[in-house]
Every structure is written in C-alpha cells, then in structure tokens.
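**Q** Residue numbers (the numbering used here): 40 to 357. Where is the CB? At the ideal position from N, CA and C, for every residue including glycine. Please read these numbers as outputs of a predicted model, since none were measured by experiment. Submitted below is the structure of interest, expressed as structure tokens.
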Ligand SMILES: Cc1cc2nc3c(=O)[nH]c(=O)nc-3n(C[C@H](O)[C@H](O)[C@H](O)COP(=O)(O)OP(=O)(O)OC[C@H]3O[C@@H](n4cnc5c(N)ncnc54)[C@H](O)[C@@H]3O)c2cc1C
C-alpha cells in the first residue's frame with residue numbers, strides 16, 4: 040500500500056501531531072510519503088524521515104499558501120492521483136478537517152475522522168473512531184479503493200528510527216477557485232503555547248475565586264511548558280479570554296496531560312477534555328464530580344497545592 044501524509048507546520052516547525060500521522064502511516068506501509076506546504080528547512084524535513092517517511096513532497100509555490108483550504112485540498116488531490124496513492128493520513132485539526140472533506144470529494148475516497156488506532160486489514164479495511172466526545176468508539180469499514188483517515192491526537196507513538204527521506208518539489212496546478220481566498224495576515228492569540236495544539240494544559244475554574252489569582256495557574260503552566268485553559272463561567276466573567284474556554288461550547292482539547300484546578304467537572308466541561316491521555320484534578324471538595332474522570336487526584340486547596348507543585352516540578356528539572 041502507498042500512503043500519503045498531509046503534514047502541517049507552524050512557524051517553521053512541523054507539528055507533533057503530523058509526526059504522529061507520519062509514524063501511523065509508516066506502521067501501515069513501507070511506502071510512506073509526506074506532503075508539506077511552505078518553506079521548511081532540511082533539518083525539519085529530515086525529522087519526517089526519522090518518524091517514518093521515505094519521501095517528502097514539498098509544495099513551495101506561494102499560491103499554495105499552507106492554510107488556504109481550497110489550494111491545499113487541490114494540491115493534495117493532485118499528488119494523490121498522480122502518484123497512485125491508496126491512503127491519505129492526516130492529524131485531525133481545524134485545517135485538516137475541511138481539507139479531508141474536500142479531498143474525499145475530489146478523489147472519490149472513503150473518509151473516516153477521529154481515528155484512534157491502526158486499521159484492521161485482515162478482512163477489508165476497518166478502523167476505530169472516537170465518537171460522542173470520546174465516550175464511545177465506532178468500528179468503521181472503509182469500502183472505497185481510495186481512503187482518507189484523520190487521526191485523533193496523542194494516540195500514536197512517534198517513531199525515531201527512520202533515515203533521511205528523499206525530498207522533491209511537487210508543483211500542483213491551481214484552478215482559479217483555489218486562489219479565490221488570500222490570507223492577508225495571521226495573528227497569534229498570545230506568545231504562549233496554543234491551547235488546541237498543547238501537549239499539556241493547565242486549566243482553572245471558579246475555584247480560583249478571581250482573575251487576580253491566575254498567577255498560580257500561569258506559574259504551573261510555565262513550569263510544564265503548558266497552555267492555560269479555563270471553565271466557561273471563568274471566561275463568561277471575563278476573568279480569562281474566551282479562546283481559553285474549554286468544553287462542549289468551547290475548545291476541545293486532547294493533550295497528553297490535562298490538569299484541572301478548581302473545576303467541578305460538569306458534563307459540559309468534560310465533553311471538551313474526555314480524550315486527554317491523563318487527567319489530574321485538584322479540588323478541595325473530595326466529592327467533586329471531576330474526580331470520577333481523573334487518572335490522578337489531589338484533594339486540597341489550590342492556593343496551597345499549586346505553589347508546592349510548581350516548586351517540585353522546577354526542582355525535578357534541575
Ligand atoms: C448549554 C451549556 C453549555 C456549557 N458549556 C460549558 C463548557 O463548554 N465548558 C464549561 O466549563 N462549562 C460549560 N457549561 C457550564 C457548566 O455546566 C458548569 O457550570 C461549569 O463548567 C462550572 O464551572 P467551574 O467548575 O469552574 O465552577 P463551579 O461549578 O463553581 O466549581 C468550582 C469548583 O472549584 C472547587 N474549589 C473551590 N475553591 C477551591 C480551592 N480553593 N481549591 C480547589 N478547589 C476549589 C469547588 O469545590 C468546585 O468543585 C455549560 C453549561 C450549559 C448549560
């Protein structure tokens with residue numbers, strides 16, 4: 040089987056989730072090819088080889104701006120058809136989701152999103168996908184010859200034993216409609232780690248009592264190179280910006296580690312964090328519902344626990 044992987048990068052660095060997608064593809068097929076958009080240096084591209092890619096197709100034509108959904112979809116579709124790929128793999132993201140949908144129409148492929156493990160290819164091609172915000176799995180068969188999978192983050196171990204890939208430029212043909220949108224500028228929400236991409240999230244709730252107390256959340260986040268999040272009432276009260284609001288009506292995260300501080304664990308909040316790999320809850324109420332969803336829990340006052348935890352983390356790093 041020949042597998043193409045759509046790789047996303049941010050500020051010249053390939054996203055961890057794209058390395059996961061590359062390693063996932065390499066577990067399925069020897070013939071794993073990554074497609075990347077924009078200018079990335081060779082050191083970064085070689086990391087894709089380490090993660091399992093045998094070849095890298097670079098799209099450097101500035102018309103194919105890396106976050107232009109239409110242009111990227113066209114380029115991937117053309118590469119897929121030209122090089123006779125059978126499977127397209129990508130990490131689930133706000134860009135990958137619309138791209139996957141468009142490519143599936145263009146190449147007539149079966150598409151399954153939020154996939155959690157390797158396909159069962161013994162009898163056809165069947166995968167498990169996470170549904171109901173991580174509370175259940177759907178076993179799904181892909182019946183078309185061409186297939187597309189988007190992967191849930193943090194479900195794949197990144198390989199580290201591959202060698203430098205062959206790197207080639209791929210020149211797609213843009214249609215007028217592909218260039219109908221132009222990205223004028225990009226503004227990051229802050230200089231900190233971005234919440235949807237973060238590997239570790241430290242999130243605070245109403246138990247923090249007010250915005251003036253957020254220093255202890257930020258200190259812990261800084262010690263762990265984590266992003267900060269919050270519950271809905273906290274952003275409703277303007278204690279924190281709305282883009283930090285996690286849950287059913289906010290950002291859905293799936294970090295390796297989610298630390299919830301002074302958050303009760305209402306079902307609407309859990310809907311946004313269910314697919315985290317590990318959940319740690321810090322709450323002074325031993326009956327707080329969040330403890331039922333936690334892998335580890337600390338019953339205690341956040342104002343006492345957090346400074347000690349932050350100090351211990353720095354000491355452990357020395
Ligand atoms: C339609 C709808 C959609 C919603 N969507 C979302 C959503 O997307 N995200 C979301 O978060 N909520 C959402 N909500 C709100 C949700 O139901 C809860 O009301 C909310 O999550 C509670 O926020 P909280 O846990 O911060 O506050 P609280 O429920 O007030 O909990 C505060 C917690 O802090 C603990 N605490 C207090 N003091 C301390 C201390 N010193 N140290 C440690 N712990 C302490 C308390 O024991 C308590 O468990 C939604 C509600 C509705 C109706």
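Excluding sequence positions up to five away, which residues of its chain have a Cβ less than 8 Å from the Cβ of residue 143?
**A** What you label residue 143 is simply residue 104 of the chain shown in a count that begins at 1. Taken in chain order, the residues that qualify are 149, 150, 187.
**Q** Tell me where the alpha helix (DSSP H) around residue 349 begins and ends.
**A** If you number the chain shown from 1, residue 349 lands on position 310. 341-356 is the extent of the alpha helix (DSSP H) around residue 349.
**Q** What does the Cβ neighbour count give for residue 99, buried or exposed, with the cut at 16 atoms within 10 Å?
**A** Here the question's residue 99 lines up with position 60 in the chain shown. Label assigned to residue 99: exposed.
**Q** So who's on the other strand from residue 322, going by DSSP bridges?
**A** Taking the chain shown and counting its residues from 1, the one referred to as residue 322 is at position 283. Answer is 338.
**Q** Would you check if there are 3 or more beta carbon pairs closer than 8 Å linking the stretch 237-252 to the stretch 127-134?
**A** Verdict: no, contact absent.
**Q** I believe residue 203 touches residue 55 by the beta-carbon criterion, under 8 Å. Please report the beta-carbon distance rounded to the nearest angstrom.
**A** The residue given as residue 203 occupies position 164 in the chain shown. The residue given as residue 55 occupies position 16 in the chain shown. Incorrect: roughly 20 Å between the Cβ atoms, too far for contact.
**Q** How many Å lie between residue 275 and residue 254 at the Cα?
**A** Position 236 of the chain shown, counted from the start, is the residue given in the question as residue 275. Position 215 of the chain shown, counted from the start, is the residue given in the question as residue 254. Approximately 19 Å between the Cα atoms of the pair.
**Q** When DSSP labels each residue in this structure, what does residue 136 get in the three-state scheme?
**A** For the purposes of this step, residue 136 is taken as the residue at position 97 of the chain shown. If DSSP states are grouped into helix, strand and coil, residue 136 belongs with the helices.
**Q** What do you reckon, are the CB atoms on residue 333 and residue 318 nearer than 8 Å?
**A** Start at 1 with the first residue of the chain shown, and residue 333 comes out as number 294. Start at 1 with the first residue of the chain shown, and residue 318 comes out as number 279. Against a cut-off of 8 Å, the Cβ pair of residue 318 and residue 333 comes out as a contact.
**Q** Going along the chain, which residues of its own chain have a beta-carbon closer than 7 Å to the beta-carbon of residue 289, five neighbours each way excluded?
**A** Reading the chain shown from its first residue, position 250 is the one you call residue 289. Correct list, in chain order: 271, 311.
**Q** Please work out which residues of its chain come closer than 8 Å, Cβ to Cβ, to residue 207, disregarding the five sequence neighbours upstream and downstream, and give them in chain order.
**A** The count along the chain shown starts at 1 and reaches residue 207 at position 168. Once the five neighbours on either side are set aside, the close Cβ partners of residue 207 are 94, 95, 96, 97.
**Q** Taking buried to mean at least 16 other C-beta atoms within 10 Å of its own C-beta, is residue 81 buried or exposed?
**A** The count along the chain shown starts at 1 and reaches residue 81 at position 42. Exposed is the call here.
**Q** Grouping DSSP H, G and I as helix and E and B as strand, with all else coil, what is residue 40?
**A** Translated into positions along the chain shown, residue 40 becomes position 1. Residue state, collapsed to three classes: coil.
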